[in-house]
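S.K.:
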Amino acid sequence: EAGKAYSGSYIPSDTRFVSRASEATYYDETGIIRTAPANYPRYSHKYDGRKWVETGLILEGSATNRVHQNSIPSGAYQSTNTYGQPAPDRSNNAFQNIPNSGTSPGGAACVIWSGTGFVNTTSRHTISIYAKGVNGFDRVRLHDNNNNKSVIFNLNGVGSFESAGSVNNLAHVQFIGDGWYRIGMTYIPQTNTSPYFQMYSMETGNGSGGFQFFGAQTEEGDKMTSFIYTTTSNVTRSADVSTSLPTARKQ
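Following our numbering, the numbering of the sequence shown begins with 4 at its first residue and continues without gaps.
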């Protein structure tokens with residue numbers, strides 16, 4: 004069926020990529036974020052707890068990231084932000100947030116994004132970010148203050164979350180290697196159309212432990228789709244167009 008879109012799951016071998024009007028990202032065999040040019044297919048990988056395995060052809064619908072990366076982070080509370088940190092795409096575009104010494108769990112935060120981020124207040128949206136613990140810290144909370152939605156994530160092993168009650172258990176965590184995790188949550192924004200996207204350390208501050216962050220994204224829908232690079236404005240990833248070839252049936 005031409006034009007059918009998938010969400011990064013394995014695509015049957017009789018499905019063929021046709022085109023995509025924009026570039027798009029994927030994970031290579033070691034979990035590094037790579038970018039495929041427009042009209043090039045993407046074959047992604049995931050970590051299964053023991054090794055990296057190919058997940059097959061990626062076919063996704065169109066999506067728009069409304070977080071402007073040049074404005075990240077927009078502030079820090081009881082903590083210090085530093086820039087130019089190694090990121091999961093092998094750039095130096097991540098930043099690091101270190102809580103002040105003696106800060107209680109949940110007391111130190113950095114503001115990721117406070118501009119427009121939601122299309123409406125009637126459909127599900129997903130916010131996500133890449134996170135990595137520094138010097139033994141591994142408990143972090145993703146929080147939308149304006150909509151009172153949050154999830155606590157454990158950044159160890161393959162990753163997990165402790166509580167997602169405020170988002171109806173639609174929490175997402177994906178280990179991508181080198182200590183990096185992509186974490187996210189899905190919910191219907193009910194109070195406004197602008198998130199107050201924050202990250203909280205859930206550890207007692209010691210002046211050296213903290214977290215690194217990269218690649219924030221807000222998008223309409225209930226999944227973390229492939230990361231969309233932005234700078235000073237919204238960016239849309241075009242849909243992958245596919246076709247299905249006829250397959251022979253056993254007589």
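Just so you know, even glycine gets a beta-carbon here, dropped at the ideal spot from N, CA and C.
(1) Does the Cβ of ASP206 have 16 or more other Cβ atoms within 10 Å, making it buried, or fewer, making it exposed?
(2) Are the CB atoms of THR189 and ASP243 within a distance shorter than 7 Å?
(3) Can you check DSSP and say which residues form a bridge with ALA1?
(4) Please report the Cβ distance between VAL137 and GLY212, rounded to the nearest whole angstrom; I am assuming they are in contact, meaning their Cβ atoms lie under 8 Å.
(5) Here's the rule: buried if 16 or more other CB atoms are within 10 angstroms of the residue's CB, otherwise exposed. What is ARG53?
(6) Pick from ASP92, GLN220, VAL143 and ILE61: whose alpha carbon is nearest that of ALA112?
(7) Quick check: the Cα distance between PRO108 and TYR80, rounded to an integer number of angstroms?
(8) Kindly indicate which residue of LYS135, THR196 and ILE179 has the alpha-carbon position closest to the one of TRP116.
(9) Verify whether the separation of the beta carbon atoms of TYR30 and ILE61 is less than 7 Å.
(10) Is it the case that the Cβ atoms of ASP181 and ASN159 are separated by a distance below 7 Å?
(11) DSSP state of ASN123, grouped into three classes?
(12) If you reduce the DSSP assignment to three classes, tell me which class SER107 lands in.
M.R.: Quick look at the numbers:
(1) Sequence inspection shows Glu at residue 206; the Asp mentioned does not correspond to that position. Buried, by the Cβ-count rule.
(2) For ASP243 and THR189, no; Cβs fall outside 7 Å.
(3) No answer is possible for residue 1: the residues shown for the chain start at 4 and end at 254.
(4) Your pair VAL137 and GLY212 checks out as a contact, with CB atoms roughly 6 Å apart and the cut at 8 Å.
(5) Under this definition ARG53 is an exposed residue.
(6) Comparing C-alpha distances from ALA112 to each of ASP92, GLN220, VAL143 and ILE61 shows the shortest one belongs to VAL143.
(7) Taking the straight line from one Cα to the other gives about 13 Å.
(8) Ranking the options by Cα distance to TRP116, first place goes to THR196.
(9) Their beta carbons are not under 7 Å apart, which means TYR30 does not touch ILE61 by this criterion.
(10) In this structure, ASN159 does not lie closer than 7 Å to ASP181 by Cβ.
(11) Three-state result, ASN123: coil.
(12) The three-state secondary structure of SER107, taken from DSSP, is coil.
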